[in-house]
Structure formats: C-alpha cells, structure tokens
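A.B. asks: Residue numbers (this note's numbering), protein chains in the order written: chain A, 771 to 1032; chain B, 44 to 417. Glycine included, C-beta positions come from ideal geometry on N, C-alpha and C.
(1) In its own chain, which residues sit with a C-beta less than 7 Å from the C-beta of residue 270 of chain B, not counting the 5 before and 5 after it?
(2) Looking at the C-beta of residue 274 of chain B, does it have a partner C-beta in chain A at a distance below 8 Å?
(3) Say whether chain B places a C-beta atom closer than 8 Å to the C-beta of residue 834 of chain A.
(4) Which of the three DSSP states is assigned to residue 318 of chain B in this structure?
(5) Quickly, what does DSSP pair residue 785 of chain A with across the bridge? List them, please.
(6) By the 10 Å Cβ neighbour count, where 16 or more other Cβ atoms means buried, how is residue 400 of chain B classified, buried or exposed?
(7) Taking 6 Å as the limit between beta carbons, can you name the residues of its chain near residue 313 of chain B, skipping five residues before and five after?
(8) Can you name the residues that DSSP bridges to residue 326 of chain B?
(9) Helix, strand or coil: how does DSSP classify residue 818 of chain A here?
(10) Could you check what DSSP says for residue 883 of chain A in three-state terms: helix, strand or coil?
(11) My assumption, with CB atoms under 8 Å, is that residue 193 of chain B sits in contact with residue 105 of chain B. Please give the rounded CB distance.
(12) Figure out for me which residue from B:86, B:295, B:80 and B:371 has the closest Cα to the Cα of residue 386 of chain B.
(13) Can you list, in chain order, the residues of its chain whose CB lies under 6 Å from that of residue 822 of chain A, leaving out five sequence neighbours each side?
(14) In the structure shown, what three-state DSSP assignment does residue 390 of chain B receive?
(15) Output the boundary residues of the beta strand (DSSP E) element that contains residue 807 of chain A.
(16) Would you say residue 857 of chain A lies against chain B (beta-carbon separation less than 8 Å)?
(17) Mapping DSSP to helix, strand and coil, what is residue 177 of chain B?
(18) So, at 7 Å on beta carbons, what are the nonlocal neighbours of residue 801 of chain A in its own chain, with the 5 sequence-adjacent residues on each side left out?
(19) According to DSSP, is residue 974 of chain A part of a helix, a strand, or is it coil?
(20) Spatial neighbours of residue 369 of chain B within its chain, please: C-beta separation below 8 Å, excluding the five flanking residues on both sides.
(21) Can you tell me the Cα-Cα spacing of residue 254 of chain B and residue 247 of chain B, whole angstroms?
(22) May I ask you to list, following chain order, the residues of the stretch 362 to 390 of chain B that have a beta carbon less than 9 Å from some beta carbon of chain A?
(23) Residue 186 of chain B: which of B:362, B:395 and B:344 sits nearest, CA to CA?
(24) Give me the Cα-Cα distance between residue 282 of chain B and residue 191 of chain B, rounded to the nearest whole angstrom.
(25) Smallest Cα separation from residue 110 of chain B: which of B:264, B:81, B:153 and B:311?
(26) CB-CB under 7 Å to residue 310 of chain B, same chain, minus the five flanking residues each way: which ones, in chain order?
(27) In whole angstroms, give me the CA-to-CA distance for residue 884 of chain A and residue 892 of chain A.
(28) Under three-state DSSP, which class holds residue 86 of chain B?
(29) Just to make sure I have the definition right: I need the residues of chain A whose C-beta is within less than 8 Å of the C-beta of residue 125 of chain B. Which are they?
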C-alpha cells in the first residue's frame, strides 16, 4: 500500500490443476508487510488451494511465487515456514492430546545438546509458552495443560502466537473465525490487529464479510478459481463484497426472500 | 515455578480446580503402576512359598516379561505414532527362520546371518510403512496381509529347503562367533557366582556343576529389554523426534501443516517395530539353538495388549514407553505366577481379556479428561 514498501509476497498467475479439475485458473495476489489482506470466496472458490500453494503444500501447475522479490520454489511446507510463511489452519491448528508447550513448538522444537545427543529443551519451551500466552491474554494452568482443554478461540490465538514467535513474515489464517462464538471471534480479530501492527503481512481467509471488513486493509475475492479483483478498504461496501463472493444473481434473489439478512 | 508466577486473580472462575487425583489419572503410566503393584502384592501374598521369588523364579518371569517388553517398546512407539503392526509375531518366526537358514543351511558365519536378517526385517518394516503412508490404507489391513505373507514364508522356506519346520544346530554354528553372545550370552556371571558363594542365591548341590549358581548370569535378553525401554522412553519424552511421534499420531494433518515429516516418522516407527521383533527373534534362536516356523504366534496381540495396559490410546497420540514396559511386566508376572500358584494356565487368557477390557475403558475415560470432551 505504502509505495516505498515492496510487496512481501507476490503470487503471479497461479494455476493449479488436479487431474482434470482446474482448481485455480490464473490467480494473482500480492501482500504488503503490515497489511491484512482478506481473501474472500464461497466454498469451492479455490481459497484453500490458493493458500496451500502459497504455503508450500501444493506446487503450482503454472505461475510464479515471488517472496521478497525473489522467485521461490517450495518443495514442502517446511521450506515455506523457514522462509517465513506460516499458516494457521481452520480446524487443524493444534493437537488436543498434546500439551500447549509441545504444540507451541511442534515442528520447531528447541534443542539443547547433552554430549553427542540433542534433547528437547523442555524448560525453555515451557517458559516461552507461558510468556507468549500471557502476552496474548491467555492464562494457562501450566505449560503442560492439554490443548484439548482450551476453547476454540484460545486455540487459534495459541496458533497465531506460535507463528509470530517463530518469525513469520507472512501469516496465513485459514478461516480462523468460522467456528467461533461472537466473543471469541472478537478476540481473534483483535489478535490479528496486534500482529499486523508488528509489521507482519496477514492473509486472512474468510467467507464472512463482516469479519473481513472489521480488520481488512484490502480485499480479494475468489470465485470458481479466478480473482474478481482486489479492492482497498473504504472503496467497497459490504453488499458489493457479498455479491462478488456469491457470483451476483442468485444471492440477490435469495436475499430478497430472507429480508437482507444474509 | 509456573504456578508461583501465575497471578491467582486472573484464573477463570468457570474452571473447576483439578483435583490431584484427576491430575494423577492423566499420567499414562498410572494404570501400569497400579497394575504392577496389585499383581506383585497378589503373588507375594498367595505364591510366596512356591519358588516364584527365589533366583530361578525371578529369572523365569523376568525373562518372559523381557520378551514382552522388547516387542512392546516397538509396538508402543508405533501406536503413539498412530499405527499398528500385526505382523510382529510373523516377523519373529520369519526372522528366526532366516538366521537359521543363513547360518545352518547356507553355512554363513552367524554374525553375517544376524546382520543380513536385521537388514531384511527392517526393510520389510519400511515396506509396511511405505505402503501405509502411500496408500493411506489402515495399517491394520496392510500389516494383516504381512502377518500371513511372512508366516507363509516362515513355513515355506524350511519346508522347501530342509523338508522340516524346525531348523536346529544354530548353537553349534554360533560357537566362537563374536556377535551371537550379544543376543544369547549372559553378563555379570562373576557377580552371580559371588551371590551363589555367599548363599544369597541357590547353587547346585551335586553333579558336575556343584557349587555353581543355578542362575549363572543376567541373560542378554533382559539387557536388551531394559536398554530398549530406556532408549525408547528417552526418544519419546526428551527429544524433538519424540514430539514428532506424538504429533504424527495425535493428528497427522495438523502435524504435517506444522512441518512435521509425518510419513518419515511413521515409516521409521514401522522399521523400529520390525527391529524389535528381530531382536526378540535372534535372542530366542540363540537361546533355543533352533528356529521354528510357528515361533512368535500371537505375539503381535500380546504386544498391543501390553501397550494398552500401559496406558496408550489405540487411536494414537498418547502413551508411554514406561507404561508399556510395566504392561509387559504385569503380563509376564501373571503368566508365570499363575503357574507357580498352581492355577490352571488357561485362566491366564481369561485374565488377559478382563484386564484388556478394563484398561481400554479406563483409557477412554482418561482421554475425555485430557481433551475436555464430555
């Protein structure tokens, strides 16, 4: 947005085919540091495929990914994570049976060397987890509390805190608010705001226009594997966004019968 | 430390205080510890005079427990990683048969037979794992197939080559071999002699071995069991890889998304299970001096039962190697203890079924406590 800032990540004409199915047909998006870029679209629009391509889960069939101006080829999610692209997934962010601290460091375990062996540094992990959680306003009984005992919003917050702690420059949030209550949603949106102010580029996937408008700086709408353009905050109304997502016509008719409540 | 720094004013008023009892319940080893205490109390009370707790008796149930422990460690780590291996028992028969064929029929040096057998067995473990992660099929089905395939070969090979199902003569072949004693030898023989000389343990009263202790030393089987339990426990709880094992079994998709190489972890655990089965097989072949086509029958289920008694969840993601080892100990002590106590040995199976059911119900309850489900 700010002209002297270069985009942190640029996705250019990304295509992704699964066999005969064209999931993405040339999608281009760029994300700047410190902005919250909302990616909207109905179910099956290609949002998930798109962010999976961004985070290294899928390789694009065509198109290029530029990260900090350099072309990237991610072999797997670990590559993307080490480059600074972190994803917080819809339902799959945490493992309920494991402790918060084990979850927090999953895939990024701190090690301390004792002799020739590397050991999981539990003391460090527990300390960092407690610190980060209290910063985000979550009071744990202890670092060994199982994630299964946290609420949905708390789990999302743990996942976001984890990603930021590990130096994410781009944070992809895959429908973080879809299964949450009102208050928990507000907490997660507030967390997104905190994170954005630290200069992290946030990609916020949602199909809820109100959640998007609450924190978004720019909005890109996906429909049937294509982008319907990107608009700035203030240049688009909630109704226009909603229409673009649903592909226009049918929803207008539906909305009429529902009294404009969708 | 953490409880001291936490301001009490901020605790959520809707969260009930967790009692120490419930806190203790969520330790996976709890069932194993309680079971072990119960089993030992029972047999100390009812079978103390039967010879179960003299040197031979202790060695007897220790060896049986150690056998269970060796395969339970592998099964435990694999189950925590979210998979099963039903081919463990067949692998024991198959690997034992390979050693006998290599060393006796083909006349290879025993060390080479052992090493080649380990390579083959671990490769089959890798194949098991590879098929499971590649096809996404339940490991139950894939390893059930290998249960039959490996058992089939364990019978077919000796039948075709030697026209019998038991190949003996491994002891003679192992004479003077450097690797064989690592599996079939005994250590601390001097210490056991000293205990015999000082009247702590029984010695032979007459015959050519007069004055020698009845139990000559600590069998390598037990050393292997203890070593595998310690190594398994450290890997699971104290290393990065251990965290990956929990993660792979807890939720493979979430783990993958966090950058855990789930497929690699699972395949490695299948390989480790095959390794443990082969350790069992080699120890057994070295002890008996022969390999039989029916060795290891039903061992896969016994391993799984020991692991479940030890508090692991069948669905993966939760469990403990120490728990599995205690499960194996309970197993061995009861199996041999019933014999010492003069109880009909078929009742052992009844006991197994009952304790298995009890353990699974308890584990399900514990799982609800941990995850906060109702």
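C.D. replies: Short version:
(1) none
(2) no
(3) no
(4) helix
(5) A:795 and A:832
(6) exposed
(7) 168, 171 and 172
(8) According to DSSP, residue 326 of chain B bridges with nothing at all.
(9) helix
(10) The answer is strand: DSSP assigns residue 883 of chain A an E or B state.
(11) Not a contact, Cβ separation roughly 28 Å.
(12) Of B:86, B:295, B:80 and B:371, the smallest CA-CA separation from residue 386 of chain B is found for B:86.
(13) 828
(14) helix
(15) 806 to 811
(16) When Cβ-Cβ separations below 8 Å define contact, residue 857 of chain A makes contact with chain B.
(17) Here residue 177 of chain B sits in helix by DSSP.
(18) Hits under 7 Å: 777, 778, 779, 807, 940, 971 and 973.
(19) strand
(20) 72, 75, 76, 78, 79, 352 and 353
(21) Cα to Cα, residue 254 of chain B sits roughly 6 Å from residue 247 of chain B.
(22) none
(23) B:344
(24) 35 Å
(25) B:264
(26) 169, 172, 173 and 176.
(27) 13 Å
(28) When secondary structure is reduced to three states using DSSP, residue 86 of chain B falls in the helix class.
(29) Neighbours of residue 125 of chain B on chain A: none; closest Cβ ~11 Å, over 8 Å.
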